[in-house]
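A.B. asks:
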Amino acid sequence: MIKTKKLNVSIGDKEILKGIDIEIPDGEIHAVMGPNGSGKSTLCHAIMGNPIFSSDGEIYLDNENISEFAEEERAKKGLFQSFQYPTGLPGVTLREFATYINPDISLEEIDKFAETYHVKEFLSRDVNIDLSGGEKKRSELFQLAIKNPKGILLDEIDSGLDI
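Counted from 1, the sequence shown has number 112 at position 113 by numbering that gives the first Met the number 0; the numbering is strictly sequential.
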């Protein structure tokens, strides 16, 4: 479950979100829709703990208050965020990243997931470097499958894709 209580989010002096209360029970899919600039991506970033945003209020994952946790700790607790425009990780191969985000997974399992998500040819390449938009999205879905998170925040998963 992902839940927020009275979540306020700002960047600098600009308040973006005010008093957001949401609750997404396990197994449910919710879509947040609105016009450009209305705070949808900001909500994802705030729940994930992006430090460029200031926030107050409470954020829960599986009834545990994660409001004070850093991004990496939230990820370790089982939160996953995909981005509109995924960032590259120069010097880190997709295989290395897969073993980092799920240290319990075997190399054979990584290969099986890579085949399923059609990213096997990317395993020895740096994460999201010199990939098309569609290739980056397949890489993200592969990472999501490897991580097997408790909560998933998908931010405009069709951005950068061909029609």
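Idealized CB from N, CA, C, for every residue including glycine. Nothing here was measured: the structure is a model prediction, and the numbers come from that model.
Considering only residues of the segment 25-113, which uninterrupted alpha helix (DSSP H) runs meet the minimum length of 4 residues and lie entirely inside it, listed in chain order?
C.D. replies: Complete alpha helix (DSSP H) runs here, min 4: 39-47, 70-76 and 93-100.
A.B. asks: Please list, in chain order, all residues of the same chain as residue 94 whose beta carbon is under 7 Å from its beta carbon, the five residues on each side excluded.
C.D. replies: The residue given as residue 94 occupies position 95 in the sequence shown. These residues qualify, in order along the chain: 109, 122 and 123.
A.B. asks: Evaluate residue 13 with the Cβ neighbour count: other Cβ atoms within 10 Å of its Cβ, from every protein chain shown; 16 or more gives buried, anything less gives exposed.
C.D. replies: For this step, residue 13 is matched to residue 14 along the sequence shown. Exposed.
A.B. asks: Please state whether DSSP places residue 146 in a helix, a strand or coil.
C.D. replies: For the purposes of this step, residue 146 is identified with residue 147 of the sequence shown, where counting begins at 1. If DSSP states are grouped into helix, strand and coil, residue 146 belongs with the helices.
A.B. asks: Please name the residue in 11, 43 and 102 whose C-alpha comes closest to that of residue 19.
C.D. replies: Numbered from its first residue, the sequence shown carries residue 19 at position 20. Selected option, being the one with the closest Cα: 43.
A.B. asks: In whole angstroms, what is the alpha-carbon distance linking residue 116 and residue 97?
C.D. replies: Translated into the one-based positions of the sequence shown, residue 116 becomes position 117. Translated into the one-based positions of the sequence shown, residue 97 becomes position 98. Whole-angstrom Cα-Cα distance: 13 Å.
A.B. asks: In the DSSP assignment, find the beta strand (DSSP E) that holds residue 123 and state where it starts and stops.
C.D. replies: Reading the sequence shown from its first residue, position 124 is the one you call residue 123. It is not in any beta strand (DSSP E) - residue 123 carries neither H nor E in the DSSP assignment.
A.B. asks: Looking only at its own chain, which residues have a Cβ that is under 7 Å from the Cβ of residue 15, when we skip the five neighbours before and after it?
C.D. replies: Looking up residue 15 in the sequence shown gives position 16. Within the same chain, residue 15 has close Cβ partners 8, 9, 38 and 41.
A.B. asks: Cα-Cα, which of 64, 34 and 35 is closest to residue 48?
C.D. replies: As a position in the sequence shown, residue 48 is number 49, starting the count at 1. Closest by alpha carbon: 64.
A.B. asks: Mind reading off the beta-carbon distance from residue 68 to residue 76? Whole number of angstroms is fine, and I expect it under 8 Å.
C.D. replies: Position 69 of the sequence shown holds residue 68. Position 77 of the sequence shown holds residue 76. The pair is a contact, with the Cβ atoms about 7 Å apart (cut-off 8 Å).
A.B. asks: Buried or exposed: residue 62, going by 16 or more other Cβ atoms within 10 Å of its Cβ?
C.D. replies: Here residue 62 refers to the residue found at position 63 of the sequence shown. Flag for residue 62 reads exposed.
A.B. asks: By how many angstroms is the C-alpha of residue 144 removed from the C-alpha of residue 113?
C.D. replies: In the sequence shown, counting from the first residue as 1, residue 113 sits at position 114. In the sequence shown, counting from the first residue as 1, residue 144 sits at position 145. When rounded, the distance between both Cα atoms is 10 Å.
A.B. asks: From which residue to which residue does the beta strand (DSSP E) around residue 19 run?
C.D. replies: On the sequence shown, residue 19 is found 20 positions in, with the first residue counted as 1. From DSSP, the beta strand (DSSP E) with residue 19 extends over 13-23.
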